[in-house]
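Asker: Got a structure for you, questions after.
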Amino acid sequence: MLDVKWLRQFAAVAREGNITRAAKQLHLAQPAVSMTLKKLEQQLGVALFDRRQGRLHLTTEGERLYQHARQIINALTLAEQDMAALQNLSSGEVCIGIPSMLGSFYFPPLLMAFKHQYPGLSIRVEEAGTQDVLARLCQGQLGLGIVLTASLPPELTGLPLLREEMVAVVNEDHPARTLPFITMEAFLAEELALFRHGFFHREYIDAMAKKSGLEPRIGFESNLIPLLKAVVRQGFAITTFLRMAIKDDPDLFAVSFAEPYFLDLCLAWPNNRPLSRAEQAFVEFMQRSALTPSGSCTL
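Here's what the structure looks like:
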């Protein structure tokens with residue numbers, strides 16, 4: 001029978017590609033981790049790693065074991081969190097993947113309200129693009145995440161949360177500021193400041209550029225919202241945000257696209273494992289928020 005401690009050490013080395021870094025992460029001595037890997041390979045009768053260019057790489061057998069190890073470790077982590085939360089949700093953790101724009105402008109008051117209601121629970125936010133969040137949910141690396149409703153695969157359950165318009169954003173001197181809308185062709189002809197690949201804004205612009213046969217003029221590329229806003233304020237480029245992202249910026253202006261584009265986003269979780277009690281509490285809290293008549297998250 002495989003020792004769970006061995007699997008945790010093996011998984012850490014697989015992630016790091018280095019025994020010394022993995023041992024430091026696990027607060028173990030490097031020789032102890034090396035010995036664990038040796039015993040694991042002897043027990044299984046296969047080589048789990050090979051060394052190339054100073055880094056450990058998983059063999060085919062090692063990759064298969066790593067997939068099983070991640071599922072086992074995730075299940076144990078969930079069980080530990082669930083047991084810790086049995087006493088009136090006085091402890092436990094909610095880990096959720098959130099795109100940066102929603103994490104900055106939509107979720108803070110909701111997370112604070114949830115924390116006020118459940119002070120014993122801890123909240124860990126993993127900031128990532130929606131495509132990355134989706135992949136990590138499907139791989140069992142995240143329990144909860146915010147993804148595009150249209151991208152929701154059958155293996156995930158989704159709770160609709162938010163519909164928001166994606167708009168072009170310009171400064172006060174830009175000619176488009178006074179227009180009722182901007183065409184996608186006119187937008188793509190401008191110098192652009194865009195998110196990197198993996199974020200819904202960038203995926204949409206890339207799709208529209210491909211559809212129109214135009215090449216976007218990308219002058220700035222960053223996932224830092226304050227930086228993109230500063231670039232637009234200074235007139236170096238224009239960008240696209242959710243409308244909510246500039247509601248408190250008096251020197252930035254939203255211009256709808258000629259064909260308005262609305263994003264539907266949902267809170268999603270994998271079907272192949274039960275939610276922990278802490279996660280279930282968060283889902284129920286978000287469901288109540290989504291049903292609030294005055295809430296901005298009503299679809």
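Take 1 as the starting number for the sequence shown in the UniProt record's numbering and just add one per residue. All C-beta atoms, glycine included, are put in the ideal place defined by N, C-alpha and C.
1. Just to confirm the assignment, what range does the beta strand (DSSP E) spanning G219 have?
2. List, from N- to C-terminal side, the alpha helix (DSSP H) runs of 4 residues or more that fit wholly inside the region 95–125.
3. Could you please give the first and the last residue of the uninterrupted alpha helix (DSSP H) stretch that includes R136?
4. Using a threshold of 7 Å, state whether the C-beta atoms of G145 and G198 are closer than that.
5. Alpha carbon to alpha carbon, how far is T183 from E259? Give it in angstroms, no decimals.
6. Is L161 closer than 7 Å to C95 when the C-beta atoms are compared?
7. In angstroms with no decimal places, state the Cα-to-Cα distance between Q234 and N171.
8. Would you mind stating whether T130 and N271 have Cβ atoms separated by less than 7 Å?
9. Residue 319 by DSSP, collapsed to three states: which one?
10. Please look up how many angstroms separate the CB atoms of L214 and L194, rounded, as I've assumed it's under 8 Å.
11. Could you tell me the alpha carbon to alpha carbon distance between F181 and A168, rounded to whole angstroms?
12. Let me know the beta strand (DSSP E) ranges lying completely inside the region 177–215, each 3 residues or longer, listed in chain order.
13. Give a yes or no on contact between the region 42–59 and the region 17–24, applying the rule of three or more CB pairs nearer than 8 Å.
14. Assuming G219 and L192 make a contact with CB atoms under 8 Å, what is their CB distance in whole Å?
15. Report all residues from its chain with a CB closer than 8 Å to the CB of Y66; omit the five preceding and five following residues, and keep chain order.
16. Starting from the Cα of M244, find the closest Cα among A237, F236, S256 and give me that residue.
17. Assuming L56 is part of the alpha helix (DSSP H), what are its boundary residues?
18. Kindly list the residues whose CB is nearer than 8 Å to the CB of L86, restricted to its own chain and excluding five residues on each side of it in sequence; keep chain order.
19. For K229, does the count of other Cβ atoms within 10 angstroms reach 16, so buried, or fall short, so exposed?
20. Could you work out which residue in V232, A113, P274, H201 is closest to L242 when comparing CA atoms only?
21. Within 10 Å of its beta-carbon, does Y261 have 16 or more other beta-carbons around it, so buried, or fewer, so exposed?
22. Measuring straight from C-alpha to C-alpha, what distance separates G92 and N74?
23. Going by other Cβ atoms of all chains shown within 10 Å of its Cβ, with 16 needed for buried, is M286 buried or exposed?
24. Out of curiosity, what's the CA-to-CA distance linking P250 and F107?
25. Who pairs with T239 in a beta bridge, going by DSSP?
26. Among V133, G143, D248, which has the Cα closest to the Cα of residue 311?
27. Who are the near neighbours of T239 in its chain, counting only those whose CB is closer than 6 Å to its CB and skipping five residues on each side?
28. Determine the burial state of P119: buried for a count of at least 16 other Cβ atoms within 10 Å of its Cβ, exposed for fewer.
29. I'd like the span of the beta strand (DSSP E) that includes A268, first residue to last.
Answerer: Quick answer:
1. 217–221
2. 100–105, 107–117
3. That run of the alpha helix (DSSP H) goes 130–138.
4. no
5. 8 Å
6. no
7. Rounded to the nearest angstrom, the two C-alpha atoms are 8 Å apart.
8. no
9. Shown here, the chain extends from 1 to 299; a query on residue 319 therefore has no answer.
10. The Cβ separation is near 14 Å, so there is no contact.
11. Approximately 9 Å between the Cα atoms of the pair.
12. 191–194
13. yes
14. 6 Å
15. F10, A11, A14, L58
16. S256
17. First-last for L56: 55–58, but that is the beta strand (DSSP E), not the alpha helix (DSSP H).
18. Only weak support is given to the placement of L86: the predicted model assigns it a pLDDT of 48, under 50, and the value that follows is read from those uncertain coordinates. R277.
19. buried
20. H201
21. exposed
22. 15 Å
23. buried
24. 22 Å
25. V169
26. For residue 311 there is no data in the structure shown, the boundaries of the chain being 1 and 299.
27. V169, A193, L228, V232
28. When all chains shown are included, P119 counts as exposed.
29. 261–270
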